[in-house]
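Enquirer:
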């Protein structure tokens with residue numbers, strides 16, 4: 181049987197204590213489905229042309245079983261109770277970069293958030309783990325982000341809104357805040 185215990189949240193780097201027995205039971209079901217898929221695919225090696233319709237049907241059925249079992253594992257991994265809502269951070273605490281970024285319309289103006297309005301003050305730094313940063317100076321949303329897909333989406337159809345990828349948050353902040361001081365930052369609706 182395939183050992184899928186490495187997929188349990190308890191074994192993940194993020195932790196995940198409190199995994200339900202239902203999750204473990206559905207993991208076992210997924211392991212059986214994966215094994216049957218493997219057997220169906222392995223039968224292709226020794227098959228003749230006449231056996232192909234049967235083998236294709238077996239592979240298709242096994243694939244559907246794996247998909248269904250994986251869906252059950254995902255559902256079983258969901259917490260049984262709703263997670264507690266975290267309180268808002270205090271204004272004096274530095275904000276961490278959000279992924280996907282938080283869309284904001286008011287201060288504090290921080291890197292790692294995207295804004296639907298032009299800030300009235302320079303952006304401030306947030307905790308940084310050395311990632312590359314994008315400065316968005318014109319687009320549907322503006323600000324700094326480390327996520328390229330979000331940066332491209334925020335500037336889609338806007339010429340020149342996305343600057344280069346900066347090697348540090350400070351470089352991206354300097355670029356954005358310089359553009360802000362020159363009144364070259366704009367939110368484009370469209």
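Numbering (our numbering), first residue to last: 181 to 370.
A virtual CB, placed ideally from N, CA and C, is assigned to each residue, including glycine.
Being a predicted model, the structure only gives us computed values, none of them experimental.
Roughly how many angstroms lie between the CA atoms of residue 368 and residue 234, to the nearest whole one?
Expert: 57 Å
Enquirer: Start and end of the beta strand (DSSP E) containing residue 316?
Expert: According to the DSSP assignment, residue 316 belongs to the beta strand (DSSP E) that extends over 313–316.
Enquirer: My guess is that residue 317 and residue 365 are in contact by the Cβ rule of under 8 Å, so how many angstroms apart are they, rounded?
Expert: 5 Å
Enquirer: Straight-line CA distance for residue 360 to residue 319?
Expert: 14 Å
Enquirer: Using alpha carbons as the reference points, say which of 342, 362, 287 lies closest to residue 324.
Expert: 342
Enquirer: Under the assumption that residue 291 contacts residue 305 (Cβ atoms under 8 Å), give the Cβ distance between them as a whole number of angstroms.
Expert: 6 Å
Enquirer: Check residue 368 in the structure and name its three-state DSSP category.
Expert: coil
Enquirer: When you compare only the Cα positions, how much space is there between residue 353 and residue 337?
Expert: 23 Å
Enquirer: Whose C-alpha, out of 308, 331, 328, is nearest the C-alpha of residue 350?
Expert: If we check each option's Cα against that of residue 350, 308 comes out closest.
Enquirer: Are the beta-carbon atoms belonging to residue 322 and residue 298 less than 8 Å from one another?
Expert: yes
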